[in-house]
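Novice: Here the protein sequences line up with chains F and G, keeping their order.
Per this note's numbering, the very first residue in the first sequence carries number 14; after that it's consecutive.
Per this note's numbering, the very first residue in the second sequence carries number 14; after that it's consecutive.
This is the structure, below, for whatever I ask next.
Protein chains: 2
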Amino acid sequence: MKDLMQEEKKGFVRKTRQRELILKTLRSTNSHPTADWIYERVKKEMPNISLGTVYRNLGTLREMGEIMELNYGSKFSRFDGNPENHYHFVCTKCGKVMDVEGCSVDREVDEMVARENNVEVFFHRMEFYGLCSDCKEK
Amino acid sequence: MKDLMQEEKKGFVRKTRQRELILKTLRSTNSHPTADWIYERVKKEMPNISLGTVYRNLGTLREMGEIMELNYGSKFSRFDGNPENHYHFVCTKCGKVMDVEGCSVDREVDEMVARENNVEVFFHRMEFYGLCSDCKEK
DNA sequence: ATGAAAAAGATAATGATTACTATTTTAAAT
DNA sequence: ATTTAAAATAGTAATCATTATCTTTTTCAT
């Protein structure tokens, strides 16, 4: 019987070795890597994996809420294995992306924005731009 | 004499009809348009303008601090004719980008982040994600 | 007005991401 | 354990926003 299950998003997500390796790899770094970086890394352990598979699974993992996709500067996406919402710092010189410490997410800001702009707010993001510790030395 | 002027960025920026029209067009809307939207709009007044010229000038205007380039969702850039730093709301359903009212930029947050993370902060950005007034009706 | 530098216009190239397709794998039902 | 249909993979081609290239035109200081 075509029942309730059919109401789900798009069928059903199966567990695969590829996706598990991709997630493990992304979770093992805090460098906010690109899809290509992950591909190169994962290929060492699973040489036949396809770049398309990496992209497809990063998309799936994002939809599952397991990871975040970041778009600073438009050229290409970066991925963050930490799905909890947190802020980022982007170095305008070397392009490095880091997690920001010591800045708490203020949930009531969302409510204020929702009220003032007649919208519904799910979450917000915040990025700080400047020179990272390495680049500001020079 | 090759003098101080040579120290400048990249020579010297000349005034062109094309760039002025592009800036005027961008300043005349608050819809945060894409490069292609601007191109189509500008073409009505200057039919021979090239898409490359639009991109080149949007880049120049950004470097001049006259406009902002926004990258939410990675697919393509949007441009904002308001160069003063302000926050944005992105509708996760229809993709519309709006300015956020009633949320003041807290400059001391930058200082805190700089202190806690040993970086230099020039500015920050903030984006709220959710449903716009149109989309939340349905 | 003149000339060198800068920008435009037209078009090709780039490159990250997505789409396509035949084959393989997963996992539920037998 | 075997079967089977759906889902995912590998490999490759296609997409498309953005850049680069190159020749001609325009700008602007002299």
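Just so it is clear, CB atoms sit at the ideal spot from N, CA and C, and this is done for glycine as well.
A quick note: this is a predicted structure, and the numbers were derived from the prediction, not measured.
(1) Thinking just about the alpha-carbon of each residue, which of F:134, F:140, F:133 and F:132 is nearest to the one in residue 135 (chain G)?
(2) Could you pull out every residue in the same chain whose Cβ sits closer than 7 Å to the Cβ of residue 70 (chain F), ignoring the five residues on either side in sequence?
(3) May I ask you to report which of helix, strand or coil DSSP gives residue 72 (chain G)?
(4) Report yes or no: is there a C-beta of chain F within less than 7 Å of the C-beta of residue 14 (chain G)?
(5) In terms of residue numbering, what span does the alpha helix (DSSP H) encompassing residue 124 (chain G) cover?
(6) Three or more C-beta pairs closer than 8 Å, one from the region 98 to 109 of chain G and one from the region 107 to 118 of chain F: is that the case here?
(7) Comparing the C-beta of residue 107 (chain F) with each C-beta of chain G, is any distance below 7 Å?
(8) Between the Cα of residue 210 (chain F) and the Cα atoms of F:79, F:146 and F:132, which residue gives the shortest distance?
(9) Using only alpha-carbon positions, find the residue among F:79, F:65, F:108 and F:89 that is nearest to residue 96 (chain F).
(10) Where does residue 150 (chain F) fall in DSSP's three states?
(11) Does residue 46 (chain G) pass the burial test, meaning 16 or more other C-beta atoms within 10 Å, or should it be called exposed?
(12) Run down chain F in chain order and give the residues with a C-beta less than 7 Å from the C-beta of residue 146 (chain G).
(13) Less than 7 Å separating the beta-carbons of residue 89 (chain F) and residue 39 (chain F)?
(14) Using Cβ-Cβ distances below 9 Å, what residues of the region 45 to 79 of chain F are close to chain G?
(15) Thinking C-alpha only, which one of F:137, F:53 and F:74 is nearest residue 120 (chain F)?
(16) When we look at the beta-carbon of residue 22 (chain F) and count the other beta-carbons within 10 Å, is it buried (16 or more) or exposed?
(17) Starting from residue 110 (chain G), trace the beta strand (DSSP E) in both directions and tell me its first and last residue.
(18) What's the gap between the Cα of residue 108 (chain F) and the Cα of residue 52 (chain F)?
(19) In chain order, which beta strand (DSSP E) runs of at least 3 residues are fully inside the region 29 to 105 of chain F?
(20) Name the two residues that bound the continuous beta strand (DSSP E) containing residue 134 (chain G).
(21) Taking 7 Å as the CB-CB cut-off, is residue 91 (chain G) touching chain F?
(22) Going straight from the alpha carbon of residue 126 (chain G) to that of residue 59 (chain G), what length do you get?
Specialist: On the basis of the coordinates in this document:
(1) F:140
(2) 31, 32 and 35
(3) helix
(4) Annotation note: pLDDT 30 at residue 14 (chain G) (below 50); position unreliable, no value reported.
(5) 120 to 130
(6) no
(7) no
(8) Missing from the structure shown is residue 210 (chain F); chain F here goes from 14 to 151 and no further.
(9) F:79
(10) helix
(11) buried
(12) 131 and 132
(13) no
(14) none
(15) F:137
(16) With a pLDDT of 49 at residue 22 (chain F), under the threshold of 50, the predicted position of this residue should be treated as unreliable, though the coordinate-derived value follows. Residue 22 (chain F) is exposed by the Cβ-count criterion.
(17) 110 to 112
(18) 20 Å
(19) 81 to 83, 91 to 93 and 101 to 104
(20) 133 to 144
(21) no
(22) 46 Å
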